[in-house]
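Numbering that gives the first Met the number 0 numbers the first residue of the sequence shown as 0 and each following residue consecutively. Glycine included, C-beta positions come from ideal geometry on N, C-alpha and C.
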Amino acid sequence: MRCAVIAAFLLPAIAGFEAASIKEALPLSMENARTGQFHVGISVDGSRADYGFVTLTDLIAYAYRVKPYQLSGPAWMNDTRWDILAKIPAGQSAGRAPEMMRSLLAERFKLAIHRERRMQPVYELSVAKGGLTIKKRLAEEATPLTPGVVHLDNSTISGGPTGTVRVTPGLNDMQLQMAKITMPALASMLTQFTDRPIIDSTKLQGDYEVALDLPGDQMSGMPAAQKLIAILGLGSIGMLPDPSGPAVFRAVKELGLELKPRKASLDTIVVDHLERTPTTN
0 MRCAVIAAFL LPAIAGFEAA SIKEALPLSM ENARTGQFHV GISVDGSRAD
50 YGFVTLTDLI AYAYRVKPYQ LSGPAWMNDT RWDILAKIPA GQSAGRAPEM
100 MRSLLAERFK LAIHRERRMQ PVYELSVAKG GLTIKKRLAE EATPLTPGVV
150 HLDNSTISGG PTGTVRVTPG LNDMQLQMAK ITMPALASML TQFTDRPIID
200 STKLQGDYEV ALDLPGDQMS GMPAAQKLIA ILGLGSIGML PDPSGPAVFR
250 AVKELGLELK PRKASLDTIV VDHLERTPTT N
């Protein structure tokens with residue numbers, strides 16, 4: 000029965016990408032971020048699907064429309080980052096790019112999976128009783144930026160998944176001023192600093208302006224490029240969370256939000272087979 004389930008997932012319901020180029024991404028450096036050469040994230044426009052600086056964890060979660068914490072597979076899925084440029088076939092909807100990615104992963108990385116429901120401890124992000132202390136962003140950023148291309152100008156990071164971020168280091172912490180961020184994106188970013196996944200239960204829609212004070216000791220000694228990954232919310236960098244988590248809990252509380260521990264039954268994608276490197280382009 001299990002083999003039948005795996006086979007079903009390996010047979011895409013729609014056509015895969017017409018063509019795809021897969022290359023190992025260059026290491027992130029502060030220099031290429033400053034010059035606007037750092038390409039990160041997912042951009043699908045017309046017949047072009049562009050995936051920059053992504054791990055296999057990112058790609059599998061994207062392909063199956065789940066969060067990274069809903070994956071169970073080898074730890075090395077986060078070791079290498081990839082740049083993928085793919086072409087969507089004529090007549091196919093760009094909205095089905097994730098399903099096309101399933102085909103690419105099965106063909107080029109020999110991915111085989113099955114689904115399970117698993118109980119796991121999580122934190123639930125919700126609005127505190129006193130209400131929000133952050134504002135909803137009503138307008139877009141004044142200067143349009145190239146999607147997926149990160150620029151670093153002194154202490155300001157722009158063009159990443161969280162919009163424009165201003166970084167202000169303090170004596171014991173680091174404040175991130177985010178021009179616009181959704182609650183799901185905030186939950187994903189905060190997950191890097193806790194001992195379990197954070198699920199957004201706020202039911203808040205749209206973008207918010209957020210100033211977040213994060214504990215500086217968690218980033219002390221970390222290479223500058225690695226800090227940039229954390230600030231961008233890209234995850235998968237092997238950070239050690241604060242064992243008790245009080246600093247993160249306080250930072251969230253100051254936003255008019257709170258984190259509550261609970262257990263959740265989650266749809267989980269279990270990786271049965273995966274190759275470390277893809278077949279040739």
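First and last residue of the uninterrupted alpha helix (DSSP H) at residue i
i: Leu104; result: 96–107
i: Ile59; result: 55–62
i: Ala250; result: 245–252
i: Ser187; result: 182–190
C-beta atoms of residue i and residue j nearer than 7 Å
i: Ala18; j: Leu103; result: no
i: Ala62; j: Pro88; result: no
i: Pro67; j: Lys262; result: no
i: Lys86; j: Ser42; result: no
i: Leu70; j: Ile197; result: no
i: Ala111; j: Asp271; result: yes
i: Thr201; j: Met182; result: yes
i: Glu274; j: Lys134; result: no
For residue i, the three-state DSSP class (helix, strand or coil)
i: Ser20; result: strand
i: Gln176; result: strand
i: Ala14; result: coil
i: Ala48; result: strand
i: Pro88; result: coil
i: Pro277; result: coil
i: Pro67; result: helix
i: Ile5; result: Only weak support is given to the placement of Ile5: the predicted model assigns it a pLDDT of 48, under 50, and the value that follows is read from those uncertain coordinates. Here Ile5 sits in helix by DSSP.
Neighbourhood of residue i by C-beta, 8 Å cutoff - its chain only, sequence neighbours within 5 removed
i: Arg136; result: Ala178, Lys179, Gly205, Asp206, Tyr207, Glu208
i: Ser264; result: Arg116, Arg117, Met118
i: Leu213; result: Asp172, Met173, Gln174, Leu175, Phe192, Ala246, Val247, Ala250
i: Ala127; result: Lys252, Gly255, Leu256, Glu257
i: Ser93; result: Strictly speaking, residue 93 in this sequence is Ala, with Ser absent from that position. Here the set comprises Val43, Asp44, Gly45, Ser46, Ala48, Ile87.
Own chain residues within Cβ distance below 7 Å of residue i, not counting five before or after
i: Lys259; result: Tyr122, Glu123, Ser125
i: Ile21; result: Trp81, Ile83, Arg107, Pro277, Asn280
i: Arg195; result: Pro120, Val121, Tyr122
i: Val65; result: Asp266, Ile268
i: Met100; result: Leu58, Tyr61, Ala62
The beta strand (DSSP E) enclosing residue i, as first and last residue numbers
i: Tyr122; result: 111–126
i: Lys202; result: Run containing Lys202: none; DSSP gives neither H nor E here.
i: Ile268; result: 256–272
6 Å Cβ shell around residue i - same chain, five flanking residues per side excluded
i: Pro168; result: none
i: Tyr50; result: Ile41, Ile83
i: Leu211; result: Leu175, Ala250
i: Leu131; result: Gly255
i: Gly72; result: Val270
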